[in-house]
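Engineer: Protein chains in written order, with the numbering used here: chain A, 84 to 399; chain B, 208 to 378; chain C, 44 to 960.
Cβ atoms here follow ideal geometry from the backbone N, Cα and C, with glycine treated the same way.
Can you read through this structure? Questions will come right after.
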């Protein structure tokens with residue numbers, strides 16, 4: 084089911100993913116403002132849409148400062164890793180029938196692998212900055228991402244068991260009768276929480292907690308290197324939203340409208356949900372975050388896998 | 208857990224509220240007459256300079272952004288030879304107005320004083336002095352103060368008896 | 044529980060039920076303030092004593108601890124007797140004090156914002172202390188008209204609270220006659236009988252004595268600045284040799300005022316008007332602010348770097364350079380100059396006469412048995428002999444001390460009647476006009492004659508003869524004086540008697556008569572007193588602020604320099620802070636200055652000498668430089684830079700050090716700070732070894748912090764220079780002293796030598812001095828500043844001076860012209876201050892009435908005298924007290940070059956041209 088025009092698809096996916104990520108800069112600010120009874124950016128262009136362009140110009144023309152005490156090669160490499168790993172995952176994302184860069188039969192595992200690699204980015208950024216706040220942020224990020232990755236994978240096992248495949252397109256097809264969110268509601272909740280933690284979004288943005296760590300692992304970054312972290316975060320949000328749609332809400336499946344439209348509607352709703360979380364919830368303490376992960380989420384994910392497996396065996 | 212969902216819902220409902228932002232250059236916020244904005248020096252009802260160069264505004268200023276030099280005219284009326292406020296340092300706390308014994312220095316509801324060059328934020332007396340009494344009409348320090356100035360002799364201020372005749376021994 | 048107070052405290056008193064030690068010879072107010080209590084007062088002054096006029100210091104006194112009722116007493120009028128129980132915090136006492144203030148404020152004008160006293164006003168402080176804030180009295184305020192009191196003191200009578208301090212100071216303490224209190228009931232008026240200049244030389248102290256703004260500093264008014272806005276540092280007055288401690292204040296780069304810096308040993312609470320008002324020369328238009336290079340009669344300003352660049356080769360080793368030091372330059376500047384050119388090419392920069400007299404005086408003080416007293420000790424003397432000095436006009440502050448000394452002996456009357464000495468008016472009642480012995484022998488009348496027991500008017504030689512005769516009467520071994528007139532002999536006998544009877548006799552003399560015999564006579568009297576077992580004091584006035592110091596450094600006088608120039612080729616002459624035209628005849632100075640190709644002058648003012656310089660360099664005045672001066676007492680005192688002036692002005696020693704550094708000389712490179720210079724000086728000149736102890740060094744810190752020159756509330760930091768640049772410059776760094784040029788640093792009390800200004804919480808006026816003293820009117824905490832360099836040799840076997848000058852014989856055609864001194868006018872620097880210049884007299888020639896008649900001259904008519912071969916025409920003035928054959932000529936005035944007086948000259952009536960007569 085691989086796309087007949089692979090190069091065009093690659094370029095298309097890249098452009099769409101990146102423009103959604105940059106568009107999110109504007110969207111998030113507007114949505115936050117909406118929920119806080121404000122306007123948000125509304126001066127540059129229609130509805131303030133060109134704010135993104137203005138921000139891009141700004142961030143590109145800023146002084147790109149590398150601190151003299153930083154480990155320079157690692158410092159430069161770190162922001163690139165995050166963007167690369169997230170973009171790689173987009174390769175296995177089934178957007179619509181025939182619109183997929185490469186239809187791996189272990190697509191889901193590929194996603195999990197790439198998201199594990201993403202840890203390097205923040206850990207290296209925190210370490211190479213040679214700054215106590217950056218280092219603390221990097222440590223937190225590494226601990227948080229590794230912990231939450233464990234049950235992220237486990238929470239998806241139910242879906243895999245139901246679909247009988249790691250192939251994402253097949254998982255979508257398997258939801259024709261019923262979205263997996265119904266049988267796998269617990270799995271959905273666990274994956275959602277793990278996804279927030281993986282993207283280090285609020286309320287789980289402890290690695291960059293401004294009130295304690297200045298800006299955490301990217302305290303020393305400026306200019307486009309900071310921009311890469313920024314875009315990387317929005318790419319992550321887009322990716323997790325897309326995956327939720329694909330894994331639990333039937334991906335492109337839906338009546339009347341073309342499949343690609345359905346896909347984007349579902350993804351967009353989850354992106355908005357991410358912003359709503361940021362607008363509403365306070366940040367937990369780091370020890371709370373870790374104990375939830377290990378003491379609550381992991382047992383629940385294991386239980387979910389166990390029960391789903393048992394149920395599948397029983398009803399086969 | 209439920210509280211989290213309730214919070215999410217409550218925040219979500221804000222999407223349907225009216226927005227509180229005042230769209231500034233098109234709409235203007237109301238600034239009360241006693242708003243603490245740009246500082247001016249006023250004149251007394253007779254049109255004379257109210258400032259008597261007592262240095263109290265300068266000493267009370269927490270950022271030390273007021274400097275002046277006192278001088279006197281030939282009739283003993285004291286006024287600032289020069290008076291300078293560095294608005295690039297001013298924090299508009301209004302202490303100077305509180306300290307002023309003559310109502311000379313006043314803060315006004317004008318906040319539109321942005322400049323591209325900091326040096327343009329340094330105001331001299333000619334920039335500060337206005338042509339009226341500002342918020343406090345009617346008060347004239349020299350009318351209550353017991354010093355002699357041009358146009359007001361000893362004993363001519365409020366609540367003052369005529370100057371003592373030292374050559375009388377009458378009880 | 045009791046808290047010990049230093050001093051001879053023995054009584055235990057109870058204040059608010061806590062026991063404290065107090066001096067029973069003092070009053071309760073004195074005790075409370077010494078213990079640090081905030082007790083308001085007005086009419087009491089530490090130097091003036093108590094009169095109980097204002098009723099402000101009310102406290103409640105209890106019979107014993109069982110007494111709960113108590114009674115209100117005035118703390119200043121109650122002795123701090125053993126077991127006294129008082130309460131300051133008693134509600135009734137508090138209410139009483141509040142009521143007193145409210146009554147005083149009924150008539151106080153609503154003018155604090157425009158009052159010069161505001162911000163350092165005792166009345167403000169006391170009003171805040173008692174809590175009065177609102178005038179409830181609905182009726183009218185009484186008003187007064189002001190008087191013109193001269194260029195020094197401003198009068199604003201409406202502010203008066205009738206505490207009587209002014210009139211007590213002016214009449215009773217300073218001996219003024221032209222100021223009094225007039226009127227009755229609530230219309231009491233303090234002023235003169237009519238408008239006019241205050242005659243007393245200490246009128247400026249009214250500014251500080253007045254607790255409010257009735258008397259304010261008129262020179263300050265011309266460039267008014269609040270006390271909190273002044274940058275201040277401890278300083279020493281440069282206008283005479285006494286070395287009074289002062290606090291100059293600066294704002295916006297200009298010196299604004301001088302106030303007294305209390306020091307018990309030196310000047311106490313007071314200054315003379317020359318010291319207080321002479322400061323304006325610092326701001327004068329005649330200042331050298333930029334180095335000026337003159338080549339081919341074309342002067343142009345050059346930068347500091349250029350000066351150093353040009354000077355270094357000029358003064359390089361191997362070149363013939365001579366240097367002239369100065370008695371008004373600091374020890375450091377003189378020492379650096381001496382180091383620069385070498386000891387054998389350094390000259391003292393004073394005339395031969397003065398050089399000889401200064402050396403003699405220092406020799407006597409160091410080698411004689413008599414002790415050189417401080418002004419405080421002079422105040423305590425009970426018999427005084429003045430030989431040849433007009434103290435009020437030469438060393439003014441000493442005259443104020445002498446006025447107190449004449450009360451010492453009669454004070455025993457009060458003591459016998461068991462009147463406590465602090466009870467000022469009770470003491471004055473039995474004393475009436477009784478005066479202790481004070482004898483003045485001088486050629487002309489002096490301003491102390493009104494308190495003198497007897498005066499003796501005679502030529503300098505006769506003054507010396509009188510002194511020698513007294514010495515002979517005291518001790519037979521002293522040389523006798525032949526042919527003494529009988530009246531002089533009688534006088535000598537009564538003086539000898541008085542001195543013999545006294546507990547603390549004092550002899551004062553000095554170089555004013557320019558007569559060595561007078562000084563020797565004074566030394567003989569002092570020695571004779573010591574020989575007969577008296578604790579005698581011997582005090583010499585010094586002509587300039589560092590004459591003593593220059594004498595200790597030691598160098599040949601000016602004539603030797605003139606001779607050197609005549610004898611051999613000289614490449615360059617360096618003169619530091621010295622106007623030679625005031626020290627030697629014009630012709631010889633002209634010749635001297637033209638002898639070298641390069642004439643380098645470092646000075647403050649563009650005086651005639653600096654005007655001739657090929658390179659005139661701006662030297663910092665006392666307010667712009669650090670340095671040490673030695674006072675006539677022999678006390679080395681440090682003065683500190685008050686502000687960093689505009690332009691390239693810096694201390695003379697810094698210029699010379701920079702030049703030496705540019706030459707690559709070891710000293711120039713090593714002597715980074717003033718402490719290094721002083722340390723080197725202590726090694727090179729053993730007589731000055733102790734100067735190091737005069738003040739703490741530059742590394743002194745309190746809790747790691749510097750002492751700020753600016754008060755905590757210094758204002759306008761971010762606006763003063765904003766018109767030039769909105770980025771505030773960093774405050775100047777001061778590597779030489781423990782002071783900072785900002786408000787940053789510790790505001791804890793520094794040691795006595797480092798008190799930049801007196802301030803204590805709630806006490807913004809100069810009365811805050813109370814909190815810096817070990818006890819009221821006692822020494823400053825940690826001892827008064829400065830170090831005495833000279834102590835007498837207790838050798839009674841030493842020799843008397845045995846040269847007896849012949850008696851003066853008036854001649855029929857020649858007059859002996861003696862110098863007459865004026866507090867305003869005779870001193871060089873203060874004459875550039877407009878207020879002082881306004882009070883300086885016009886040049887004149889003073890003649891005895893009979894002599895005037897003989898010359899057929901009336902007052903105001905022109906007479907001609909011959910000085911240095913030149914005729915001078917001067918208006919005549921009749922001074923009845925001048926002895927026959929003696930004429931007086933004021934010294935130091937502009938238009939009269941410096942002559943070595945006394946001198947014999949013909950005096951002729953000027954033939955007036957027919958059309959003017």
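According to DSSP, simplified to helix, strand and coil, what is residue 168(A)?
Structural biologist: The residue you call residue 168(A) lines up with position 85 of the first chain. In the structure shown, residue 168(A) sits in a helix (DSSP, three-state: H, G or I).
Engineer: What is the C-beta distance between residue 501(C) and residue 851(C), in whole angstroms, given that I count them as a contact (C-beta under 8 Å)?
Structural biologist: On the third chain, residue 501(C) is found 458 positions in, with the first residue counted as 1. On the third chain, residue 851(C) is found 808 positions in, with the first residue counted as 1. With a Cβ gap of about 7 Å, residue 501(C) and residue 851(C) count as contacting.
Engineer: For the candidate residues 242(B), 309(B), 228(B) and 323(B), whose alpha-carbon lies nearest to that of residue 261(B)?
Structural biologist: One-based indexing of the second chain puts residue 261(B) at position 54. Here the closest residue by C-alpha is 309(B).
Engineer: What three-state label does DSSP hand residue 298(C) in the structure shown?
Structural biologist: One-based indexing of the third chain puts residue 298(C) at position 255. Three-state DSSP puts residue 298(C) in a strand.
Engineer: What do you get for residue 284(A), buried or exposed, if any count of 16 or more other CB atoms within 10 angstroms of its CB means buried?
Structural biologist: On the first chain, position 201 is the one that residue 284(A) refers to. That one is buried.
Engineer: Scan the region 306-336 of chain B for residues whose Cβ lies nearer than 8 Å to a Cβ of chain C and list them as they occur along the chain.
Structural biologist: Taking 8 Å as the Cβ-Cβ cut-off against chain C, the residues of the region 306-336 of chain B that qualify are 308, 309, 325, 326, 328, 329 and 331.
Engineer: Can you tell which of 235(C), 753(C), 877(C) and 789(C) has its C-alpha closest to the C-alpha of residue 270(C)?
Structural biologist: Within the third chain, numbered from 1, the residue matching residue 270(C) stands at position 227. Selected option, being the one with the closest Cα: 753(C).
Engineer: Should residue 219(B) be flagged as near chain A, meaning a C-beta pair shorter than 7 Å?
Structural biologist: As a first step, residue 219(B) must be located in the second chain, where it is residue number 12. Chain A contact via Cβ: present.
Engineer: According to DSSP, simplified to helix, strand and coil, what is residue 472(C)?
Structural biologist: Along the third chain, read from residue 1 onward, the residue named residue 472(C) stands at position 429. Residue 472(C): helix per DSSP, three-state reduction.
Engineer: Considering just the uninterrupted stretch of the beta strand (DSSP E) at residue 341(C), what are its terminal residues?
Structural biologist: Here residue 341(C) is taken as the residue at index 298 of the third chain, counted from 1. 341-345 is the span of the beta strand (DSSP E), which, as asked, contains residue 341(C).
Engineer: Output yes if chain C places a C-beta closer than 7 Å to the C-beta of residue 269(B); else output no.
Structural biologist: The residue given as residue 269(B) occupies position 62 in the second chain. Chain C, which has no Cβ nearer than 7 Å to the Cβ of residue 269(B), makes this no.
Engineer: Can you have a look at residue 310(A) and say buried or exposed, based on whether 16 or more other CB atoms are within 10 angstroms of its CB?
Structural biologist: One-based indexing of the first chain puts residue 310(A) at position 227. Classification of residue 310(A): buried, given that the 10 Å Cβ count is 16 or more.
Engineer: For residue 353(B) and residue 367(B), which I take to be in contact (beta-carbon distance under 8 Å), what is that distance rounded to the nearest angstrom?
Structural biologist: As a first step, residue 353(B) must be located in the second chain, where it is residue number 146. As a first step, residue 367(B) must be located in the second chain, where it is residue number 160. Rounded, the Cβ-Cβ distance is 6 Å, consistent with contact.
Engineer: Within the same chain, show all residues whose beta-carbon is closer than 7 Å to that of residue 398(C), passing over the 5 residues directly before and after it, in chain order.
Structural biologist: For the purposes of this step, residue 398(C) is identified with residue 355 of the third chain, where counting begins at 1. Contacts found: 391 and 600.
Engineer: Going by C-alpha distance, which of 335(A), 235(A) and 266(A) is nearest residue 377(A)?
Structural biologist: As a first step, residue 377(A) must be located in the first chain, where it is residue number 294. Ranking 335(A), 235(A) and 266(A) by Cα distance to residue 377(A) puts 235(A) first.
Engineer: Return no unless some Cβ of chain A is closer than 7 Å to the Cβ of residue 236(B).
Structural biologist: In the second chain, counting from the first residue as 1, residue 236(B) sits at position 29. With 7 Å as the cut-off, residue 236(B) does not count as an interface residue toward chain A.
Engineer: Need the endpoints of the alpha helix (DSSP H) that residue 265(B) sits in, please.
Structural biologist: The count along the second chain starts at 1 and reaches residue 265(B) at position 58. Unbroken alpha helix (DSSP H) run through residue 265(B): 263-267.
Engineer: If you run the structure through DSSP and keep just helix, strand and coil, what is residue 204(A)?
Structural biologist: Taking the first residue of the first chain as 1, we reach residue 204(A) at position 121. Of the three classes helix, strand and coil, the one that applies to residue 204(A) here is helix, per DSSP.
Engineer: Taking just the CA atoms, how far does residue 906(C) sit from residue 120(C)?
Structural biologist: Translated into the one-based positions of the third chain, residue 120(C) becomes position 77. Translated into the one-based positions of the third chain, residue 906(C) becomes position 863. Going from the Cα of residue 120(C) to the Cα of residue 906(C) covers about 59 Å.
Engineer: Alpha carbon to alpha carbon, what distance is there between residue 407(C) and residue 592(C)?
Structural biologist: By 1-based counting over the third chain, the position of residue 592(C) is 549. By 1-based counting over the third chain, the position of residue 407(C) is 364. Residue 592(C) and residue 407(C): Cα-Cα distance of roughly 15 Å.
Engineer: Using a C-beta to C-beta distance shorter than 7 Å, which residues of chain A count as neighbours of residue 211(B)?
Structural biologist: Here residue 211(B) corresponds to residue number 4 of the second chain, with the count starting at 1. Those within 7 Å of residue 211(B) in chain A are 364.
Engineer: Is residue 45(C) helix, strand or coil when you go by DSSP?
Structural biologist: As a first step, residue 45(C) must be located in the third chain, where it is residue number 2. Unreliable placement is indicated for residue 45(C), whose pLDDT of 34 sits below 50; no coordinate value is reported for it.
Engineer: Is the region 479-493 of chain C touching the region 924-936 of chain C, taking contact as three or more C-beta pairs under 8 Å?
Structural biologist: Yes, since at least three Cβ pairs between the region 479-493 of chain C and the region 924-936 of chain C fall closer than 8 Å, the two stretches touch.
Engineer: Within 7 Å (strictly less), CB to CB, does residue 297(C) reach chain B?
Structural biologist: What you label residue 297(C) is simply residue 254 of the third chain in a count that begins at 1. Residue 297(C) does not count as touching chain B.
Engineer: Would you kindly work out how many angstroms separate the C-alpha atoms of residue 466(C) and residue 474(C), rounded to a whole number?
Structural biologist: In the third chain, the residue the question calls residue 466(C) occupies position 423. In the third chain, the residue the question calls residue 474(C) occupies position 431. Distance between the alpha carbons of residue 466(C) and residue 474(C): 13 Å.
Engineer: Use the C-beta contact count for residue 341(C): other C-beta atoms within 10 angstroms, 16 or more gives buried, fewer gives exposed.
Structural biologist: Residue mapping note: residue 341(C) aligns to position 298 of the third chain, counting from 1. Flag for residue 341(C) reads exposed.
Engineer: CA-CA distance, residue 375(B) and residue 303(C)?
Structural biologist: Translated into the one-based positions of the second chain, residue 375(B) becomes position 168. Translated into the one-based positions of the third chain, residue 303(C) becomes position 260. Roughly 39 Å between the two C-alpha positions.
Engineer: Given this structure, state the Cα-to-Cα distance separating residue 424(C) from residue 116(C), to the nearest angstrom.
Structural biologist: In the third chain, the residue the question calls residue 424(C) occupies position 381. In the third chain, the residue the question calls residue 116(C) occupies position 73. Near 34 Å, if we compare the C-alpha coordinates of residue 116(C) and residue 424(C).
Engineer: Ignore the nearest five residues each way along the sequence and tell me which others in residue 736(C)'s own chain have a CB closer than 8 Å to its CB.
Structural biologist: Here residue 736(C) is taken as the residue at index 693 of the third chain, counted from 1. Around residue 736(C): 830.
Engineer: Just to confirm my understanding: we take residue 144(C), look at its own chain, exclude 5 residues before and 5 after, and list those with CB closer than 8 Å. What are they?
Structural biologist: Looking up residue 144(C) in the third chain gives position 101. Result list for residue 144(C): 83, 99, 169, 170, 173 and 175, in chain order.
Engineer: Tell me whether residue 118(A) is buried or exposed, calling it buried when 16 or more other Cβ atoms sit within 10 Å of its Cβ.
Structural biologist: Indexing the first chain from 1 puts residue 118(A) at position 35. Classification for residue 118(A): buried.
Engineer: Decide if residue 123(C) is buried, meaning its Cβ has at least 16 other Cβ atoms within 10 Å, or exposed.
Structural biologist: Position 80 of the third chain, counting from 1, holds the residue named residue 123(C). Flag for residue 123(C) reads buried.
Engineer: Should residue 261(C) be labelled buried (16 or more other beta-carbon atoms within 10 Å of its own) or exposed?
Structural biologist: Stepping through the third chain from its first residue, residue 261(C) is reached at position 218. With 16 or more other Cβ atoms within 10 Å, it is buried.
Engineer: So residue 766(C) contacts chain B; which residues on that side make the cut at Cβ distance below 8 Å?
Structural biologist: Position 723 of the third chain holds residue 766(C). Those are 291, 329 and 331, listed as they occur along chain B.
Engineer: Entirely within the region 182-218 of chain C and at least 3 residues each: give me those beta strand (DSSP E) ranges in chain order.
Structural biologist: DSSP runs (the beta strand (DSSP E)) wholly in the region 182-218 of chain C: 184-186 and 196-198.
Engineer: With DSSP as the reference, identify every bridge partner of residue 863(C), one or two as the case may be.
Structural biologist: Position 820 of the third chain, counted from the first residue, corresponds to residue 863(C). Paired residues: 933(C).
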